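Trainee:
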Amino acid sequence: MKKDIILAGVGGQGILSIAASIGLAAIDSGWFIKQAEVHGMSQRGGDVHSDLRISDKEIASDLIPEGKADLVISVEPMEALRYLPMLAPGGWLVTNTEPYVNINNYPDLQNILDEIKAYPNHIAVDANKIASDLGQKKSANMVILGAASLFLDIEGNKLEKSLHKLFQKKGEEVVHSNIKALAAGREFAEKYIKN
Amino acid sequence: MDKLLLLGDEAIAQGAMDAGISGIYAYPGTPSTEIMEYVMNSNEACEKVIRSGWAVNEKTAMEAALGMSYTGKRAIVCMKHVGLNVAADAFINSAITGANGGIVVVAADDPSMHSSQNEQDSRFYGKFAMVPTLEPSNQQEAYDMVHYGFDLSERYQIPVLMRLTTRLAHSRSGVRRKPVRVQNSIQLPSNSRQYILLPANARRQFRHLLENQVHFQADSDSSPYNVFLDGKDKRLGIVACGIAFNYLMENFPDRNIPFPVLRIGQYPVSRPKMKKLYRECDEILVLEDGFPVVEELIGNFFGEGKKIKGRLDGTIQRDGELNPNKVGMALGLVIPEVKPVSKAVTARPPKLCQGCPHIYSYNALNEALSGFTKGRVFSDIGCYTLGALEPFDAINTCVDMGASITMAKGASDAGFVPAVAVIGDSTFTHSGMTGLLDAVNDGSSITVIILDNATVAMTGGQKSSATGKIEIICEALGVEKNHIRVINPSPKFHEENMNIFKNEINYKGVSVIIPRRECLQTAAKRIKEQANMKETEKVNVS
Chain A
4 MKKDIILAGV GGQGILSIAA SIGLAAIDSG WFIKQAEVHG MSQRGGDVHS
54 DLRISDKEIA SDLIPEGKAD LVISVEPMEA LRYLPMLAPG GWLVTNTEPY
104 VNINNYPDLQ NILDEIKAYP NHIAVDANKI ASDLGQKKSA NMVILGAASL
154 FLDIEGNKLE KSLHKLFQKK GEEVVHSNIK ALAAGREFAE KYIKN
Chain B
19 MDKLLLLGDE AIAQGAMDAG ISGIYAYPGT PSTEIMEYVM NSNEACEKVI
69 RSGWAVNEKT AMEAALGMSY TGKRAIVCMK HVGLNVAADA FINSAITGAN
119 GGIVVVAADD PSMHSSQNEQ DSRFYGKFAM VPTLEPSNQQ EAYDMVHYGF
169 DLSERYQIPV LMRLTTRLAH SRSGVRRKPV RVQNSIQLPS NSRQYILLPA
219 NARRQFRHLL ENQVHFQADS DSSPYNVFLD GKDKRLGIVA CGIAFNYLME
269 NFPDRNIPFP VLRIGQYPVS RPKMKKLYRE CDEILVLEDG FPVVEELIGN
319 FFGEGKKIKG RLDGTIQRDG ELNPNKVGMA LGLVIPEVKP VSKAVTARPP
369 KLCQGCPHIY SYNALNEALS GFTKGRVFSD IGCYTLGALE PFDAINTCVD
419 MGASITMAKG ASDAGFVPAV AVIGDSTFTH SGMTGLLDAV NDGSSITVII
469 LDNATVAMTG GQKSSATGKI EIICEALGVE KNHIRVINPS PKFHEENMNI
519 FKNEINYKGV SVIIPRRECL QTAAKRIKEQ ANMKETEKVN VS
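Protein sequence lines correspond, in order, to chains A and B. For the first sequence, the working numbering begins at 4 and goes up steadily by one. For the second sequence, the working numbering begins at 19 and goes up steadily by one.
1) Tell me, please, which residues DSSP counts as bridged to residue 512/B.
2) For residue 560/B, collect the residues of the same chain with a Cβ closer than 6 angstroms to its Cβ; drop the 5 residues on either side in sequence, then sort them by chain order.
3) Please compile the residues from chain A whose C-beta is within a distance smaller than 8 angstroms of the C-beta of residue 401/B.
4) Comparing alpha-carbon positions, which option in 20/B, 169/B, 340/B, 369/B lies nearest residue 51/A?
5) Per DSSP, what kind of secondary structure is residue 560/B in: helix, strand or coil?
6) How many angstroms separate the CA atom of residue 157/B from the CA atom of residue 445/B?
7) Which same chain residues, not among the five before or five after residue 384/B, have their C-beta less than 6 angstroms away from its C-beta?
8) Going by beta-carbon coordinates alone, are residue 200/B and residue 38/B separated by less than 7 angstroms?
9) If you drop the 5 nearest sequence neighbours on each side, which residues of the same chain put their C-beta closer than 7 angstroms to that of residue 116/A?
10) Are any of the Cβ atoms in chain B nearer than 7 angstroms to that of residue 152/A?
11) How about residue 438/B and residue 395/B: are their beta carbons less than 7 angstroms apart?
12) Since residue 91/B and residue 204/B are thought to touch, with beta carbons under 8 angstroms apart, how far apart are those beta carbons, to the nearest angstrom?
13) Of all the CB atoms in chain A, is at least one closer than 7 angstroms to the CB of residue 57/B?
14) Just checking my contact of residue 82/B with residue 43/B at CB under 8 angstroms: how many whole Å lie between their CB atoms?
15) Can a CB atom of chain B be found closer than 7 angstroms to the CB of residue 4/A?
16) Going by DSSP, what residues sit across from residue 43/B in a beta bridge?
17) For residue 110/A, I'd like the list of residues in its chain whose CB is within less than 7 angstroms of its CB, leaving aside the five on either flank, ordered along the chain.
18) Mind checking if residue 192/A is an interface residue toward chain B, Cβ cutoff 7 angstroms exclusive?
19) Round the Cβ separation of residue 454/B and residue 416/B to the nearest angstrom and send it over; I've been treating them as touching at under 8 angstroms.
20) Looking only at C-alpha atoms, which of 187/B, 485/B, 465/B sits nearest to residue 518/B?
21) For a cutoff of 7 angstroms on Cβ pairs, would you count residue 95/B as touching chain A?
22) Between which two residues does the beta strand (DSSP E) harbouring residue 114/B extend?
23) Where does residue 461/B land, buried or exposed, given buried means 16+ other C-beta within 10 angstroms?
24) Whose Cβ in chain B lies nearer than 9 angstroms to the Cβ of residue 7/A?
25) Is it buried or exposed for residue 97/B, if we count other Cβ within 10 angstroms and need 16 for buried?
26) So what's residue 56/A in DSSP terms, helix, strand or just coil?
27) Could you pull out every residue in the same chain whose Cβ sits closer than 6 angstroms to the Cβ of residue 132/B, ignoring the five residues on either side in sequence?
28) For my contact list, residue 419/B and residue 398/B are in at a C-beta cut-off of 8 angstroms; report their separation, rounded to the angstrom.
29) Going by beta carbon distance, what residues of the same chain come within less than 8 angstroms of residue 33/A, once the five residues before and after it are set aside?
30) If you draw a straight line from the alpha carbon of residue 75/B to that of residue 278/B, how long is it in whole angstroms?
31) Would you say residue 178/A reaches chain B, if we count a Cβ-Cβ gap shorter than 7 angstroms as a contact?
32) Under 7 angstroms Cβ-Cβ, which residues of chain B neighbour residue 50/A?
33) Is the Cβ of residue 70/A closer than 7 angstroms to any Cβ of chain B?
34) When Cβ atoms are compared, which residues of the segment 169-195 of chain B fall closer than 9 angstroms to chain A?
35) Residue 156/A and residue 67/A - do their beta-carbons sit closer together than 7 angstroms?
36) Locate the beta strand (DSSP E) running through residue 327/B, then write down its first and last residues.
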């Protein structure tokens, strides 16, 4: 088992909560993990990414070699395209379709979405809509994680368990709404693949 | 014991706590900030009464650590690479005094300049000060090496430098802890002259340091972190320093490298091990993240020896951090070409947060300066450096901590008036106060804008040493009271602020304007923490 995952987004969008959820589940599975993050200047609204590697064998590099990633998980569509070249042939792209517009020259969204959809192994999910339909706008990231979980090979309820650990400080209600978002994301992705 | 999932920085912090430090000293700086933060947030550190908290700058941090070491206790001091420039006077001289209690100096380098103004390599400082230097390759080593470094420091009574780079500092992995060591008790150095660097003593101490070099060498020769790995194919010998070893391994999925490899984690470089590699192999490839320190050391000045490949001969790009692909290409492996990024993707540079107080300071300043020729704003290191970007285009320099005030002074001395300095509150107390005193003493005509957002913002909102003290410091340094102006950088005060800027810019002398409003990120964090505390209180009461 080896999954090399690029997590992408904009500074402040909270991609690290996705990373932490997968990381905890990987540790729970007895796997090795390396996760390189970006701190500092880019966190101020710049594009950020994190290299997350999980494996049942020891991992050498903290960085994923270019063009070798198994999965790109992006919480923002233009950032998904930025990291698409990191994917190995046959790798999967899971991305939010809701743009984060903090620049004046944000490109035409339809173009971006068309390019994403031109890549065969993709799941494009309107995570913000699914999250707000559930009445929990803040858990859009967990919808995306749920959709990506199809490709993570993490057993049973280990992701749910890591959400418990991550959010228990904030109370049972927050834990459950995040788990619900996770399930909704997964359900969406299962249907998306079939269509 | 369970593995902890830790950043390289956090592994160093946990390692230091477990190795029995009595104190940690640091100034925030990417990528080193999380070392101190981990200790500050640790209940364990609190129970053990380990001293923690932010220093005014890296020099004061280094000196305080040296003072703790003087008493016989263990201390760690942490900074980013350029912070070691600030601490250099204390650091270099600490090699002459030597240590009493163990002292480990951590410098986190930032090759590729992810969040820095240069990519200098701290191993040069290790060589400059002639102290043993450690370079971990992964999180577990980062943890283990702190224990090892403190023992090394106490064995030879010498500060030990530990150098890591951004990728390790900010990458998480599993770390297994060692047994916890108790803190040292107070025991002053047996030689009461050790720390008095009067020339007569300093000469003796320096000779002692020189004599110790042979021991540092011998220690490197037997170090568990300098490992010779044999390989059958002697056409190439590989030197892999620190994290470069991981990138090397990444290129051999079965982990079998056909070539002999010298893995380096401790300096000075082990001569016998390097000699073995050099003798056995036809060519040498040096892999190191940062400057070509080892490559230069073993390079043949006259070009008559064996071929040494690395960053100097162009095998590897001279600048920028290493990665698996760069190392693969240096090995001559076939690296599949990566597709270019879609043309639809545009750059998304970092920017000031929406509603950030700096925005309104720059808007007012730009308007106040609109009647003058361009190029008058000397700025500094912090979030406000983003004022260089569109739509502000408001600043003209950013060099090192504190340089805004002194460069404005120099420009003003040259007759370039008005000259404006823009500096943050924490940067001001870090290295701006002395420059302001220069300007006052010289009667220079400069306008100093101290952007007071009550935090060290860029590194994630650490406590600023300047909070609540700026006016009184400026006044004490001799700035006239009626030319110390505090304003609220908010759009509703734009006209008023702009006029204050204009008046002070026209004033021939030193004036200070302090736009004061809390950083939005820090405010949000504070409000959240307060709410959490209230929540906890409620639970406790019920």
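By construction, the Cβ of each residue, glycine as well, lies at the ideal position given by its N, Cα and C atoms. Since we're looking at a predicted model, the values are computed, not measured.
Mentor: Concretely, from the data shown:
1) For residue 512/B, which the question treats as bridged, DSSP gives no partner whatsoever.
2) At residue 560/B, the pLDDT of 49 sits below 50, so the modelled position is not reliable and the matter cannot be decided from this model.
3) 47
4) When each option's Cα is compared against that of residue 51/A, the closest is 369/B.
5) Per-residue confidence for residue 560/B stands at a pLDDT of 49, beneath the threshold of 50, marking its modelled position as unreliable; no derived number is given.
6) 31 angstroms
7) 412
8) yes
9) 80, 100, 127
10) no
11) yes
12) 7 angstroms
13) no
14) 5 angstroms
15) Output row for residue 4/A: interface = no.
16) 95/B
17) 81
18) no
19) About 18 angstroms separates the two Cβ atoms, so there is no contact after all.
20) 465/B
21) no
22) It is not in any beta strand (DSSP E) - residue 114/B instead sits in the alpha helix (DSSP H) that spans 106-115.
23) exposed
24) Within chain B, no residue comes near residue 7/A; the closest Cβ sits about 11 angstroms away, beyond 9 angstroms.
25) buried
26) strand
27) 184
28) 7 angstroms
29) 59
30) Their Cα atoms are separated by approximately 44 angstroms.
31) no
32) Residues of chain B passing the Cβ test: 366.
33) yes
34) 184, 185, 186, 187, 188, 189, 190, 191, 192
35) no
36) Start and end: 325-327.
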